[in-house]
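Peer 1: The working numbering puts the sequence shown at residues 1 to 114.
Heads up, the beta-carbon is just placed ideally off N, CA and C, and yes, glycines get one too.
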Amino acid sequence: MIPGGGQPNMQQLLQQAQKMQQDLAAAQEELASAEVEGQAGGGLVKATVTGSGELRALVIDPKAVDPEDTETLADLVVAAVQAANENAQALQQQKLGPLTQALGGGSGIPGLPF
Numbered sequence: 001m002i003p004g005g006g007q008p009n010m011q012q013l014l015q016q017a018q019k020m021q022q023d024l025a026a027a028q029e030e031l032a033s034a035e036v037e038g039q040a041g042g043g044l045v046k047a048t049v050t051g052s053g054e055l056r057a058l059v060i061d062p063k064a065v066d067p068e069d070t071e072t073l074a075d076l077v078v079a080a081v082q083a084a085n086e087n088a089q090a091l092q093q094q095k096l097g098p099l100t101q102a103l104g105g106g107s108g109i110p111g112l113p114f
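Written out as C-alpha cells, the structure reads:
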C-alpha cells in the first residue's frame, strides 16, 4: 500500500527499475575487467582471474617444476585457480550483493551466480 491510499507512480517505478538495471550492468562490466589473484604453495603458483571468473594468467615459479613429480605441480595449479575463483566470488558478492538484494534477494535472477 502507498501511504495516503494513492496509486503508485508507474513512471517513477520504471525509472527506479531502469536505474537498478543500469547499476547492475555497470557492476557486471566492472567485474569483467577487474582482476584478482589466487596462489598456492606459498606463492610458487599464482593464478589471475577476472572478477567474473575467467582465467587470465598463470605464473609458475621454476622451483615448483620437478619433472619427476608433475602431480604436485598440477595440484598447485588447481589450488591456485580455485583460490583465485574464490576471490572472484567474494568480489562478485561485494559488487553485486547490494544490487541483487534491492532487486529482491538475488535468487532466481538469471545470469547471477548467487
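What does the alpha-carbon distance come out to for the pair residue 87 and residue 68?
Peer 2: As a first step, residue 87 must be located in the sequence shown, where it is residue number 87. As a first step, residue 68 must be located in the sequence shown, where it is residue number 68. Whole-angstrom Cα-Cα distance: 31 Å.
Peer 1: I'd like the span of the beta strand (DSSP E) that includes residue 58, first residue to last.
Peer 2: For the purposes of this step, residue 58 is taken as residue 58 along the sequence shown, with counting starting at 1. Residues 55 to 60.
Peer 1: Between the alpha carbons of residue 59 and residue 45, how many angstroms are there, rounded?
Peer 2: Here residue 59 refers to the residue found at position 59 of the sequence shown. Here residue 45 refers to the residue found at position 45 of the sequence shown. Taking the straight line from one Cα to the other gives about 6 Å.
Peer 1: From which residue to which residue does the alpha helix (DSSP H) around residue 19 run?
Peer 2: For the purposes of this step, residue 19 is identified with residue 19 of the sequence shown, where counting begins at 1. Segment 10 to 33, the alpha helix (DSSP H) holding residue 19.
Peer 1: Okay, do the region 19 to 39 and the region 50 to 66 touch, 3+ Cβ pairs below 8 Å being the bar?
Peer 2: yes
Peer 1: Output the distance between the C-alpha atoms of residue 109 and residue 48, rounded to the nearest integer angstrom.
Peer 2: In the sequence shown, residue 109 corresponds to position 109, counting from 1. In the sequence shown, residue 48 corresponds to position 48, counting from 1. Unreliable positioning characterises residue 109 in this predicted model, as indicated by a pLDDT of 49, which lies under 50. The coordinate reading is nonetheless provided below. Going by the C-alpha atoms only, they are around 27 Å apart.
Peer 1: Indicate the three-state DSSP secondary structure (helix, strand or coil) for residue 43 in the structure shown.
Peer 2: As a position in the sequence shown, residue 43 is number 43, starting the count at 1. In the structure shown, residue 43 sits in coil (DSSP, three-state: anything other than H, G, I, E or B).
Peer 1: Using DSSP with H/G/I as helix, E/B as strand and the rest coil, what is residue 96?
Peer 2: Taking the sequence shown and counting its residues from 1, the one referred to as residue 96 is at position 96. Three-state result, residue 96: helix.
Peer 1: Buried or exposed for residue 16, going by 16 or more other Cβ atoms inside 10 Å?
Peer 2: As a position in the sequence shown, residue 16 is number 16, starting the count at 1. Under this definition residue 16 is an exposed residue.
Peer 1: Mind checking residue 76: buried by the 16 CB within 10 Å criterion, or exposed?
Peer 2: Here residue 76 corresponds to residue number 76 of the sequence shown, with the count starting at 1. Counting Cβ neighbours within 10 Å, residue 76 comes out buried, since at least 16 surround it.
Peer 1: Just verifying my parser: in three-state terms, what is the DSSP assignment at residue 49?
Peer 2: Your numbering for residue 49 matches position 49 in the sequence shown. The answer is strand: DSSP assigns residue 49 an E or B state.
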